[in-house]
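The sequence shown begins at 15 in the working numbering and counts up by one.
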Amino acid sequence: MQQSAQPIIRNAKQGGFTLIELMIVVAIIGVLASIAVPQYQNYVGRAQATEAFTATAGLRTDIGLYFSENGNFVGYQAANGNDTYIVDTADDIGGEYIDDVELNGQASGGFTVAFDNGVHNGSSMVIQPLVEDAVANADTSGGQITGWRCSSDDIDDTYLPSACRE
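Listed below in structure tokens is the structure:
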């Protein structure tokens, strides 16, 4: 005997989500986004400030070399009326968010990084060497550079790179 094909009986009730369930999901996504967006902005601000610290690694090396050769920072910007190699290094530094790098004077060993883009647009960050755990100044002589300190009047401390935060 030949069997005929049986029609498939479908459940009359369709599956799916109700409007209330979809609205709850959208509300949950909204709450998560309201928490995530400010945290992402903090992350972006820290990354942009860290770019300045990373981009100046060569300059920090040159300043450290000058200090180890001379025992102080006097003349690190200009010697015998001519710019030093340190000035040339500072002039060559650039980045997506960095506008300019300027040396801070004859005896401090520090420099200022100015931002022209991103979260810190129009702000600047000062990077100073630490000599024997004290910030370098005109009286600094001898010892060795033990680290770097970042500071800023217009950038919040939470954005400063953790490698040089006070």
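Every residue gets a Cβ at the ideal spot worked out from N, C-alpha and C, and that includes glycine.
Here DSSP, grouped into helix, strand and coil, assigns glutamine 142 to strand. Check the Cα spacing between aspartate 76 and each of Asn96, Asp102, Ala63: the tightest is with Asp102.
Residue pairing for asparagine 96: DSSP places it in a beta bridge opposite Ala93. For threonine 75, the enclosing alpha helix (DSSP H) stretches over residues 71-84.
Counting along the chain, the unbroken beta strand (DSSP E) around isoleucine 159 starts and ends at 159-165. Here DSSP, grouped into helix, strand and coil, assigns aspartate 168 to coil.
The criterion of a C-beta distance shorter than 8 Å is satisfied by alanine 69 and glycine 109.
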